[in-house]
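Only one structure is covered here, and it is reproduced in the block below.
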Amino acid sequence: MSEFPHAMIREIYEQPEAIGRTLDLYLEGDKLKAEAFTKIAQWLNPRGEVLIAASGSSRHAGLAAEILLEDLCGLAVDVEYASEWGTRGTANPRRPSVLVISQSGETSDTLAALRVAREAGEPTLAIANVPGSSMLREAAAAMPLAAGKELAIPATKSFTGQLTALYLLALYQAERLGVMDAAQISSSIRELRALAGQIARQLDGWHDVAKTLAHKYADANTFLYLGRGIHYAIAREGALKMKESSYVHAEGYPTGELKHGPNALVGEHVPLVVLATVDSGLEDSVLRYEKTVQLLEDMKKQGARVIAIANTGDARIAALATDVIEVEPTSEYLLPIAEVIPMQLFSYFMALEHGVDVDKPRNLSKAVIEV
């Protein structure tokens with residue numbers, strides 16, 4: 001596309017370049033830039049305990065980071081709503097390393113959580129997109145993004161920028177802790193560098209499919225988004241994008257929880273959006289995929305309307321879902337960066353179907369700041 005009627009769609013299309021700019025901050029070739037991680041070297045506490053505090057889309061990035069840091073580094077990670085954790089009034093006796101994540105770096109709840117952590121003497125790290133923001137200045141260590149200015153209220157390129165930085169953080173900690181060797185780190189970085197090009201190749205196709213599906217599903221009252229493992233975080237983010245962009249209600253759930261209550265809602269006007277991608281080289285990912293296939297088989301018998309996000313050419317998923325959005329295969333821990341983008345596009349076109357000013361949804365602001 002060469003012309004963009006809204007900032008949101010332009011920023012969706014800017015994501016390959018935004019990811020590339022962020023990578024350039026932290027990488028040299030297929031290696032991590034040592035100087036970019038100097039202050040972060042002192043961040044992790046000796047017990048490997050991490051607390052992530054964030055709000056909105058940034059908290060969903062934190063949920064993905066929990067899986068990254070636990071699976072790739074062996075750390076113990078908790079994710080908190082910044083608005084809750086910052087007002088509990090008692091210091092955490094475990095003294096975890098605290099990571100705060102924010103697009104603006106000024107979000108009041110998250111900034112308050114950072115300050116509580118600092119006052120308690122806990123090591124702090126901030127990830128934010130706005131240069132010179134309060135969080136990047138006040139945290140003991142910082143990982144700025146290079147997504148560029150984001151004008152639309154719904155976060156798109158800042159979210160994938162956060163996922164990119166968090167993956168780099170996980171690689172750094174895995175290398176420092178000796179969990180991954182130099183060859184594994186270099187291989188992971190090469191795959192990460194290739195991702196921006198993969199996304200760029202797929203954008204126009206995702207655009208067209210998302211536009212068609214938005215028209216087809218415009219009558220939906222509610223969407224239930226489902227994902228397993230790290231993809232649960234992306235299901236949550238997809239549902240949030242749908243709510244804030246189009247005013248259509250949506251909720252994100254772990255896939256296995258559908259039959260523990262939410263399935264009562266499923267019907268003609270309550271479709272499912274199911275993350276069904278797989279990394280065939282990872283045993284745990286294959287297990288999650290097979291369980292998702294079983295659920296889709298049950299949903300087909302039940303007559304549910306299902307949009308599946310699946311690997312390109314996956315005939316098993318195509319036979320079970322009502323509609324499929326295809327995503328080129330990559331590793332389990334990079335798939336979230338790609339698979340969230342067609343969800344952003346779907347939300348964008350659903351907003352247009354409902355006549356919403358997608359760049360400025362009602363009752364929302366770009367940075368949630370108390371005045």
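Numbering-wise (our numbering), the sequence shown opens with residue 1 and increments by one. We put the beta carbon where it would ideally sit given N, CA and C, even for glycine.
Cβ contact check for the segment 108 to 124 and the segment 135 to 143: 3 or more pairs under 8 Å:
Using a C-beta cut-off of 8 Å, the segment 108 to 124 makes contact with the segment 135 to 143, since at least three inter-stretch Cβ pairs fall below that distance.
Can you tell me whether DSSP reads L27 as helix, strand or coil? Strand.
- Item | Limits of the beta strand (DSSP E) - the one that P361 falls within | Counting along the chain, no beta strand (DSSP E) covers P361, and no H or E run does either.
Bridge partners for E251 per DSSP, in chain order? Residue pairing by DSSP puts E251 in a beta bridge opposite L224.
Original post:
Ends of the alpha helix (DSSP H) at Y348?
Top reply: That run of the alpha helix (DSSP H) goes L335 to E353.
R10 (DSSP reduced to helix, strand or coil): Note: R10 maps to helix in three-state DSSP.
Limits of the beta strand (DSSP E) - the one that D78 falls within: It spans A76 to Y81 - the beta strand (DSSP E) in which D78 sits, taken as one unbroken run.
### Message
Excluding the 5 residues flanking I9 on each side, which residues of the same chain have their C-beta closer than 7 Å to its C-beta?
### Response
Sequence-distant Cβ neighbours of I9 in its own chain, meaning closer than 7 Å and more than five residues away, are Y348.
With three or more C-beta pairs closer than 8 Å as the rule, is the segment 175 to 194 touching the segment 313 to 324?
Taking one beta carbon from each stretch, the segment 313 to 324 and the segment 175 to 194 have fewer than 3 pairs nearer than 8 Å; the two do not touch.
Self-check item: For T124, three-class secondary structure by DSSP
Solution: Of the three classes helix, strand and coil, the one that applies to T124 here is strand, per DSSP.
Rank K243, H260 and A117 by C-alpha distance to the C-alpha of A155 and give the top, closest one. When each option's Cα is compared against that of A155, the closest is K243.
Problem - One or two residues paired with L51 in a DSSP bridge - result: The partner list for L51 (beta bridge, DSSP) reads D78 and V98.
_Looking at chain B, is there any beta carbon in it that lies within less than 8 Å of the beta carbon of S158?_
No chain B appears in this structure, which consists of one protein chain only.
query = Taking just the CA atoms, how far does D359 sit from L151?
reply = Going by C-alpha positions, L151 is about 8 Å away from D359.
Limits of the beta strand (DSSP E) - the one that A142 falls within
Secondary structure note for A142: its beta strand (DSSP E) is the uninterrupted segment A141 to P144.
Got a sec? Which residues, its chain only, sit under 8 Å from V270 by beta carbon, not counting five neighbours each side?
-> Taking C-beta separations shorter than 8 Å and ignoring five residues to either side along the sequence, the partners of V270 in its chain run A220, N221, T222, F223 and L224, following chain order.
T330 and Q198 look like a contact to me (Cβ under 8 Å); what is the Cβ gap, rounded to whole Å? Contact between T330 and Q198 holds: CB atoms are separated by about 7 Å, below the 8 Å threshold.
- Within 10 angstroms of the Cβ of S280, are there 16 or more other Cβ atoms? Answer buried if so, exposed if not. By the Cβ-count criterion, S280 is exposed, with fewer than 16 other Cβ atoms from all chains shown falling within 10 Å of its own Cβ.
Would a C-beta distance cut-off of 8 Å place E332 and I309 closer than the cut-off?
Taking the C-beta atoms as reference points, I309 is found no nearer than 8 Å to E332.
Endpoints, the alpha helix (DSSP H) within which I378 is located:
What is shown of the chain runs 1 to 371, which leaves residue 378 out entirely.
Quick check on DSSP: helix, strand or coil for A117? Taken through DSSP and simplified to helix, strand or coil, A117 comes out as helix.
query = Under a Cβ-count criterion, where at least 16 other Cβ atoms within 10 Å of its own Cβ denotes burial, should K291 be classed as buried or exposed?
reply = Exposed, since its Cβ has fewer than 16 Cβ neighbours within 10 Å.
(message) Rounded to whole angstroms, what is the Cα-Cα separation between S158 and P144?
(response) If you take the alpha carbons of S158 and P144, they lie about 11 Å apart.
Three or more C-beta pairs below 8 Å linking the segment 67 to 77 and the segment 120 to 133: Here the segment 67 to 77 does not lie against the segment 120 to 133, with fewer than 3 beta-carbon pairs under 8 Å apart.
Classify P342: buried if its beta carbon has 16 or more other beta carbons within 10 angstroms, exposed otherwise.
By the neighbour-count rule (16 or more Cβ atoms within 10 Å), P342 is buried.
Worksheet entry | Distance CB(L335)-CB(A210) smaller than 8 Å | No, these two residues do not count as a Cβ contact at 8 Å.
How would you label V371, buried or exposed, when you count the other beta carbons within 10 angstroms and need 16 or more for buried? Confidence in V371 is poor, its pLDDT being 41 and thus under 50, which makes the residue's placement unreliable; the coordinate value appears in the next sentence. Residue burial is scored here from C-beta neighbours: V371 has fewer than 16 other C-beta atoms within 10 angstroms and is therefore classed as exposed.
Which of helix, strand or coil does DSSP assign to A310?
Correct three-state label for A310: strand.
With DSSP as the reference, label I325 as helix, strand or coil.
-> The answer is strand: DSSP assigns I325 an E or B state.
Given a threshold of 16 other Cβ atoms within 10 Å of its Cβ, counted over all protein chains shown, does G252 qualify as buried or as exposed? Counting Cβ neighbours within 10 Å, G252 comes out buried, since at least 16 surround it.
Name the two residues that bound the continuous alpha helix (DSSP H) containing L240. Here the alpha helix (DSSP H) through L240 covers I230 to S246.
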